[in-house]
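*Asks:* This is the structure I want to talk about, given as structure tokens.
2 protein chains.
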Amino acid sequence: MKLKKYAVLLVVVLTLFMSACARNTANQRTSLLTIQQQGSFMVGGTTISEPGKFNLTNALKPQGQTLHGDHAYVFYQIPPKARKYPLVFLHGAAESKKTWESTPDGREGFQTIFLRRGFGVYLLDQPRRGEAGKSTVASSLAPTPDEQFWFTQFRIGNYPDYFDGSQFPRDTAALEQFFRQMTPNTGNFDVNLIATACSQLFDRIGDGILITHSQGGGPGWFTAIKNEKVKAVVAYEPFSSFVFPVGELPKPIQSASLFGELKGVEVPLSDFEKLTRIPIMIYYGDNIAKEPTIVWNKDHWRAGLEMAKIWAATINKHGGKATVVHLPETGIKGNTHFPFSDLNNLQIAALLSDFLKEKKLD
Amino acid sequence: MKLKKYAVLLVVVLTLFMSACARNTANQRTSLLTIQQQGSFMVGGTTISEPGKFNLTNALKPQGQTLHGDHAYVFYQIPPKARKYPLVFLHGAAESKKTWESTPDGREGFQTIFLRRGFGVYLLDQPRRGEAGKSTVASSLAPTPDEQFWFTQFRIGNYPDYFDGSQFPRDTAALEQFFRQMTPNTGNFDVNLIATACSQLFDRIGDGILITHSQGGGPGWFTAIKNEKVKAVVAYEPFSSFVFPVGELPKPIQSASLFGELKGVEVPLSDFEKLTRIPIMIYYGDNIAKEPTIVWNKDHWRAGLEMAKIWAATINKHGGKATVVHLPETGIKGNTHFPFSDLNNLQIAALLSDFLKEKKLD
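Protein sequences, first through last, are from chains G and P.
full-length UniProt numbering applies: residue 1 is where the first sequence begins, and numbers increase by one.
full-length UniProt numbering applies: residue 1 is where the second sequence begins, and numbers increase by one.
As structure tokens, this is what we get:
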């Protein structure tokens, strides 16, 4: 009788133990985030010095003083038992690392989605932007009302109309958040400064995957050229600074874009070839023209997508592994210029996870 | 015999279970961070609109377009079973939320220290700073070398000398990080804009504790006046905008400060009295003059500390609960203007934990 009692007690205790363990694991997977380490630092940058000697009794005079600027700001989070390669996120024009954080309607962005999936994440504010605002060059900021332009340029719709089936949330609060997350340059955009800071980040953290958006695409290619620790590049709607080997520059692509024709950039063949040694994935969203049109936003991105296809073909001709995915062709409709924060961003994240898995990068 | 075996097995299983539980708890306390929710959003702000009608075919013209600016950016992290009140952190002059993140030498700052202690944390970039850079006013940025001034002003030492026993790390890499984390205004500093954004943050998140630094002290007092959801204010080295009831303004404090004399600011008695209803704690660090001196940095902060003492006495005369702690008088030596990121920041954090516990705010 006593024996039976002990046996029952043992089963009860074992059940408790196992369910506690299971609960703990489930929490980590679905609800609670666990983080081994998080923090922030500055990387890259230049320094200017005013000639002369610093005088403590005349300390507002610049003589003998320094100014450190042009660095990137980095916020990072590393989960326990992180996957092999962390993800490094570089935002686009007029954006900061905010672009990868909460979406305009408050859902989780790629920062937290990929942290949950076990990746270390590094989010940059590029030199002369956001918390990396300290610049070694002068700048004038003018508050020019232009948000209806950006609504249209970023293919939420043709203002004030949203595109049919747009993956941008419809509430005005989300649109206000979207407008407010834009933040100005505090010095001119400088591809080389940004690529240098990104490359120094990889020197610090080791091998990783670079994820870029839009204007960040250009400095992204140059980062991968500078640093072989970049093990893959994933570019969302890259625009500008598509690099080609000397002598292989395609004709500029004419379009109705308000930014004019789209040109490639020449680099030495030996630099270009560095981009042929890593997997590269490029995604473009919806509402991009198939043929030239006077609808300038749709035509701007038509030029971008066409250039990306020419570029990937050039990479692949040189032995590389670049893929361009035009999302609507795979059945994923309605994406704006910001697929990673659109309403279907978990679907977009799944594509990235699949790519990393397929290339054995996760 | 069989009975004994079951008993032994039961003890073994129980021991395993308890040690697994203990390990899990210990991890959460010392090593792994657990987070229920994290994200970012913009709060507060104003909007300007250009008269006219937006014309899609002339979209670079400002007519009929808007510009949203002057909001704060907020990054937040909430641990599971968070304590009653979250901590809201407002940085000082030329800083961003970075000031509360990793220290210049890479240790954990108050963001992560207090997250580990179970507090929800909200970190702001104030309007026209950092990732809240979008401003409704014009601004000119000039890169003026001035870091040796700030080294001295912030009481790391009298440049190039560190103060004896300074709690600032001695390596040049840390000093470089410190210089690089400064980031410029993208529009004039506006106390009311900042306080309005902070107050709207409390409207959104509910009751909490406001933690300010330096220039953030002023908008901090106005936030607590605006919003009774501010349940306490903790101010590190507040400077500027000490508020007094009409008719009770003290004489300006003369000093050798390069910023000139220090004045209080008059507010209606009914506003002032709102600050008497919550606990207020103020901390100042080391190397502040006791008597007037021509050493301008030490004298600048002498004026600040004297004003803080007059202010706290006025608060308390009106029935309030304000305390000024001059850290060296409690035996804590060597703190710069940034006690929360100094080498002894865990000791500084312990004071804050003790204060919150004593006031039953944790």
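Ideal placement from N, C-alpha and C gives every residue a C-beta, glycine not left out.
Because the structure is a prediction, the values reported are computed rather than measured.
If I measure Cβ to Cβ from P245(P) and keep anything under 6 Å in the same chain, skipping five residues before and after, which residues do I get?
*Replies:* Numbered from 1 along the second sequence, position 245 holds the residue referred to as residue 245(P). Answer for P245(P): L269 and F272, listed in chain order.
*Asks:* Between the Cα of G319(G) and the Cα atoms of K309(G), T276(G), P339(G) and A308(G), which residue gives the shortest distance?
*Replies:* Sequence index remark: in the first sequence, residue 319(G) carries index 319 (1-based). Per the Cα distances, T276(G).
*Asks:* So H68(G) contacts chain P; which residues on that side make the cut at Cβ distance below 8 Å?
*Replies:* As a position in the first sequence, residue 68(G) is number 68, starting the count at 1. The contacting residues are E147, E176, F179 and R180.
*Asks:* Note down the Cα distance separating G165(G) from F110(G), rounded to an integer number of angstroms.
*Replies:* Here residue 165(G) is taken as the residue at index 165 of the first sequence, counted from 1. Here residue 110(G) is taken as the residue at index 110 of the first sequence, counted from 1. Roughly 22 Å separates the two Cα atoms.
*Asks:* Using a Cβ distance threshold of 8 Å, determine whether the region 141-152 of chain G contacts the region 213-225 of chain G, with at least three qualifying pairs required.
*Replies:* no
*Asks:* Which two residues bound the contiguous beta strand (DSSP E) that contains F272(P)?
*Replies:* What you label residue 272(P) is simply residue 272 of the second sequence in a count that begins at 1. Segment L269 to K274 is the alpha helix (DSSP H) holding F272(P); no beta strand (DSSP E) there.
*Asks:* In chain order, what residues of the same chain have a beta carbon less than 7 Å from the beta carbon of S257(G), not counting five sequence neighbours either side?
*Replies:* As a working mapping, residue 257(G) is identified with position 257 in the first sequence. W296, D299, H300 and A303.
*Asks:* Shortest alpha-carbon distance to F239(P) belongs to which of N344(P), E261(P) and G206(P)?
*Replies:* By one-based count along the second sequence, residue 239(P) stands at place 239. Per the Cα distances, E261(P).
*Asks:* Would DSSP call R29(P) helix, strand or coil?
*Replies:* Along the second sequence, read from residue 1 onward, the residue named residue 29(P) stands at position 29. The predicted position of R29(P) is uncertain, since its pLDDT is 41 and thus under 50; a value taken from the coordinates is nonetheless stated next. It is helical.
*Asks:* Compare the C-beta of G334(P) against all C-beta atoms of chain G and say whether one is closer than 8 Å.
*Replies:* Residue 334(P) sits at position 334 when you count from the first residue of the second sequence. No - not a single Cβ of chain G is within 8 Å of the one on G334(P).
*Asks:* Nearest to K226(P) by CA position, among E237(P), Q65(P) and D203(P), is which residue?
*Replies:* Looking up residue 226(P) in the second sequence gives position 226. Looking at the Cα atoms, D203(P) is the closest of the given residues.
*Asks:* Only counting runs of 3 or more residues, tell me where the beta strand (DSSP E) segments fall wholly within the region 189-258 of chain G, in order along the chain.
*Replies:* 208-213, 230-236 and 243-245
*Asks:* Verify the CB distance criterion: does H337(P) have a CB-CB separation below 8 Å to chain G?
*Replies:* What you label residue 337(P) is simply residue 337 of the second sequence in a count that begins at 1. No, because no Cβ of chain G sits closer than 8 Å to the Cβ of H337(P).
*Asks:* CB D286(G) to CB L352(G), shorter than 8 Å?
*Replies:* Position 286 of the first sequence, counting from 1, holds the residue named residue 286(G). Position 352 of the first sequence, counting from 1, holds the residue named residue 352(G). It is not a contact, given that the beta carbons lie outside the stated cut-off.
*Asks:* Helix or strand or just coil, what does DSSP make of E306(P)?
*Replies:* For the purposes of this step, residue 306(P) is taken as residue 306 along the second sequence, with counting starting at 1. E306(P) carries a helical assignment under DSSP once its states are collapsed to helix, strand and coil.
*Asks:* Is F259(P) buried or exposed, if buried means 16 or more other CB atoms sit within 10 Å of its CB?
*Replies:* If you number the second sequence from 1, residue 259(P) lands on position 259. Burial call: exposed.
*Asks:* Could you work out which residues of chain G lie near L60(P), taking near to mean beta carbons separated by less than 7 Å?
*Replies:* Walking along the second sequence from the start, residue 60(P) turns up at place 60. What L60(P) touches in chain G: F149 and L258.
*Asks:* Just mark N188(P) as buried or exposed, buried being the case when its beta carbon has 16 or more other beta carbons within 10 Å.
*Replies:* Looking up residue 188(P) in the second sequence gives position 188. By the 10 Å Cβ count, N188(P) comes out exposed.
*Asks:* Helix, strand or coil for L351(G), going by three-state DSSP, please let me know.
*Replies:* Against the first sequence, residue 351(G) aligns to sequence position 351. Helix.
*Asks:* Using a Cβ cut-off of 8 Å (strictly closer), state whether E273(P) contacts chain G.
*Replies:* Residue mapping note: residue 273(P) aligns to position 273 of the second sequence, counting from 1. For E273(P), the answer is no, since every Cβ of chain G falls outside 8 Å of its Cβ.
*Asks:* May I ask you to list the residues that DSSP assigns as paired with N55(P)?
*Replies:* The residue labelled residue 55(P) in the question sits at position 55 within the second sequence. Note: N55(P) sits in no beta bridge, so no partner.
*Asks:* Counting beta carbon pairs with one atom in the region 89-105 of chain G and one in the region 181-195 of chain G, are three or more of them shorter than 8 Å?
*Replies:* yes
*Asks:* Which residues in chain P sit within 9 Å of A142(G), going by Cβ to Cβ distance?
*Replies:* Within the first sequence, numbered from 1, the residue matching residue 142(G) stands at position 142. Result: A138 and S139.
*Asks:* Got a sec: is the Cβ-Cβ distance from F54(P) to anything in chain G below 8 Å?
*Replies:* One-based indexing of the second sequence puts residue 54(P) at position 54. Cβ-Cβ to chain G under 8 Å: yes for F54(P).
*Asks:* Are the C-beta atoms of K33(P) and some chain G residue less than 8 Å apart?
*Replies:* On the second sequence, residue 33(P) is found 33 positions in, with the first residue counted as 1. The residue you asked about is not Lys; residue 33(P) is Leu in the sequence shown. Cβ-Cβ to chain G under 8 Å: yes for L33(P).
*Asks:* Apart from the five residues on each side of it in sequence, which residues of its chain come closer than 8 Å, Cβ to Cβ, to L346(P)?
*Replies:* The sequence position of residue 346(P) within the second sequence is 346, counting from 1. So the list reads I113, once near-sequence residues are dropped.
*Asks:* Please check if any C-beta of chain P sits within less than 8 Å of the C-beta of P127(G).
*Replies:* Position 127 of the first sequence holds residue 127(G). No, its Cβ sits nowhere closer than 8 Å to a Cβ of chain P.
*Asks:* With three or more C-beta pairs closer than 8 Å as the rule, is the region 80-87 of chain P touching the region 156-165 of chain P?
*Replies:* In short, these stretches do not touch, since the Cβ pair count stays below three.
*Asks:* Spell out whether any CB of chain G is found under 8 Å from the CB atom of T183(P).
*Replies:* Here residue 183(P) refers to the residue found at position 183 of the second sequence. Closer than 8 Å: yes.
*Asks:* Which same chain residues, not among the five before or five after D125(G), have their C-beta less than 7 Å away from its C-beta?
*Replies:* Here residue 125(G) refers to the residue found at position 125 when the first sequence is read from its first residue. In its chain, beyond the 5 residues on either side, A72, Y73, S96, K97, E131 and A132 have a beta carbon closer than 7 Å to the beta carbon of D125(G).
*Asks:* Return the chain-ordered list of same chain residues with a C-beta closer than 6 Å to the C-beta of V325(P), the five sequence neighbours on each side being excluded.
*Replies:* Stepping through the second sequence from its first residue, residue 325(P) is reached at position 325. Around V325(P): Y283.
*Asks:* Should A349(G) go down as buried or exposed, given a rule of 16 or more other Cβ atoms within 10 Å for buried?
*Replies:* One-based indexing of the first sequence puts residue 349(G) at position 349. Classification for A349(G): buried.
*Asks:* What residue range is occupied by the uninterrupted alpha helix (DSSP H) comprising residue 364(G)?
*Replies:* The requested residue 364(G) is not part of the displayed model; chain G covers only 1 to 362.
*Asks:* Following the continuous beta strand (DSSP E) through L141(P), name the residue where it begins and the one where it ends.
*Replies:* Counted from its first residue, the second sequence places residue 141(P) at position 141. Its beta strand (DSSP E) spans residues S139 to L141.
*Asks:* Could you say which of V88(P), K357(P) and E358(P) lies nearest to D195(P) if we only look at CA atoms?
*Replies:* Taking the first residue of the second sequence as 1, we reach residue 195(P) at position 195. The question names Asp, but residue 195(P) in the sequence shown is Ala. Looking at the Cα atoms, V88(P) is the closest of the given residues.
*Asks:* Find the nearest neighbour of R155(P) within the set A197(G), V137(G), Q200(G) and L56(G), judged by alpha-carbon distance.
*Replies:* Taking the first residue of the second sequence as 1, we reach residue 155(P) at position 155. R155(P) has its Cα closest to that of L56(G), out of A197(G), V137(G), Q200(G) and L56(G).
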